[in-house]
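Residue numbers (the working numbering): 63 to 343. Cβ atoms here follow ideal geometry from the backbone N, Cα and C, with glycine treated the same way.
(1) Does the beta carbon of residue 250 fall short of 6 Å from some heavy atom of the ligand FMN?
(2) Pick helix, strand or coil for residue 245, following the three-state DSSP scheme.
(3) Where does the unbroken alpha helix (DSSP H) through residue 114 begin, and where does it stop?
(4) Mind pulling the alpha helix (DSSP H) runs of 4 or more residues that sit fully within the stretch 118-147?
(5) Could you tell me which residues DSSP pairs with residue 229 in its beta bridges?
(6) Pop quiz: residue 78 and residue 117 are said to be a contact at Cβ under 8 Å. What is the actual Cβ separation, rounded to whole angstroms?
(7) Roughly how many angstroms separate the alpha carbons of residue 11 and residue 286, rounded to a whole number?
(8) Given a cut-off of 7 Å, decide if residue 129 and residue 82 are closer than it, judged by their beta-carbon atoms.
(9) Please go through the same chain and pick out, in chain order, the residues whose beta-carbon is closer than 7 Å to the beta-carbon of residue 237, but skip the five residues on each side of it.
(10) May I have the straight-line CA-CA distance separating residue 250 from residue 197, to the nearest angstrom?
(11) At what residues does the beta strand (DSSP E) containing residue 234 begin and finish?
(12) If you run the structure through DSSP and keep just helix, strand and coil, what is residue 210?
(13) Among 177, 120 and 232, which residue has its Cα nearest to the Cα of residue 90?
(14) Could you spell out where the alpha helix (DSSP H) holding residue 196 opens and where it closes?
(15) Please list, in chain order, all residues of the same chain as residue 268 whose beta carbon is under 6 Å from its beta carbon, the five residues on each side excluded.
(16) Beta-carbon within less than 7 Å of residue 248's beta-carbon, same chain only, minus the 5 sequence neighbours each way: which residues are those?
(17) Mark residue 240 as exposed unless 16 or more other C-beta atoms lie within 10 angstroms of its C-beta, in which case mark it buried.
(18) Got a sec, what are the start and stop residues for the alpha helix (DSSP H) residue 289 sits in?
(19) When you compare only the Cα positions, how much space is there between residue 295 and residue 159?
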C-alpha cells in the first residue's frame, strides 16, 4: 500500500516505468546483443528500464492508453517504417504530459535544492499537469514540442563523440534550467520532446514541433532555441563520461559473435556504421 502520485489516494501501487516499457523492449529487440545499457553507468547490462512503486493500477491504466496511442501512431511508424508525416489527436499531447509529469514529480525535491529560485515554477507545473492528467484534460497553460531526429550527414557539422548513438538509441530525461528558463526534456530513440515550464511559451524558437489538441506533425523541423544546442551537447558529453570497461567490451563481443546476422540487421550496428562513416569524412 502507498499513496498514488496521481490520484493521491492510498492504494496498492504498481511498479511504474518513467520511460514506457515498450521503448526499452524496442531497444532490446533492435540491439546487436539483446541487452540495454544506460547512457549513465554504461557497464551495467539491463533487461528493463527504471521503475518504482509510483501509481495505482487505475492510474497506470490511464497512462497505458496514451502510451499505446503513441507507440502505434508515431513511435513504431517513424522508427520502423520511416514515416515522416503524422496526423495526431489529443492523445499525443496527453502522452507527452504524462511522461513529463512523472519525471518532474520524481525529481522535484532535488530540483528545489539545485535551483531554488525556479522551484515555484516547477512546482506549479507539476500540480497543474497532475490535475489535468487526473481529469483527462488538455494543457492550456504550457507548451509541448516534439522533434524527430535523423542521421546528420553534413560532414561540416561538428558533433561530440557518440552524438548519433545518443540521439538514435539512448533514453534520457531531465529538468533543464537556467536563471531565465525551465523546461522538461525527455529523450527517446530518434525522438525528443520538451515541455515548457518557464516561460510558458517557447514556440517562437521552434518550427513544426508544437503539439496541440490535434494536427499534423511533419518534417522539416527547426530549432532556434538559444542555448539548446549547448544543452544537447552537454547531455551527450555526460553520457560519454562512463567508458565501457574491457570486461564489458569482451562480453559484448562474445554475445555478438553468437549471431552475426543479428548484428548486421540490428539498429545498434546501423548507428555504429554511421558514427564510423562520419569519422572518415
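In brief:
(1) The model on display carries no ligand, and the ligand FMN is accordingly not part of it.
(2) Residue 245: strand per DSSP, three-state reduction.
(3) Annotation for residue 114: no alpha helix (DSSP H) segment contains it, though the beta strand (DSSP E) segment containing it runs 113-118.
(4) The qualifying runs are 119-132 and 138-143.
(5) Paired residue(s): none; residue 229 is not in a bridge.
(6) In this structure residue 78 is in contact with residue 117, their Cβ atoms being roughly 5 Å apart against a cut-off of 8 Å.
(7) Coverage of the chain is limited to positions 63 through 343, which leaves residue 11 absent and any answer about it impossible.
(8) A distance below 7 Å separates the beta carbons of residue 82 and residue 129.
(9) Hits under 7 Å: 166, 169, 173, 184, 244 and 246.
(10) Taking the CA atoms as reference points, residue 250 sits about 26 Å from residue 197.
(11) The continuous beta strand (DSSP E) containing residue 234 extends over residues 234-239.
(12) If DSSP states are grouped into helix, strand and coil, residue 210 belongs with the strands.
(13) Out of 177, 120 and 232, 232 has the C-alpha closest to the C-alpha of residue 90.
(14) 181-196 is the extent of the alpha helix (DSSP H) around residue 196.
(15) 207 and 285, listed in sequence order.
(16) Excluding residues within five positions, the ones whose Cβ falls inside 7 Å are 161, 162, 165, 235, 254 and 255.
(17) Burial call: exposed.
(18) Under the DSSP assignment, residue 289 falls outside any alpha helix (DSSP H); it carries neither an H nor an E label.
(19) Near 24 Å, if we compare the C-alpha coordinates of residue 159 and residue 295.
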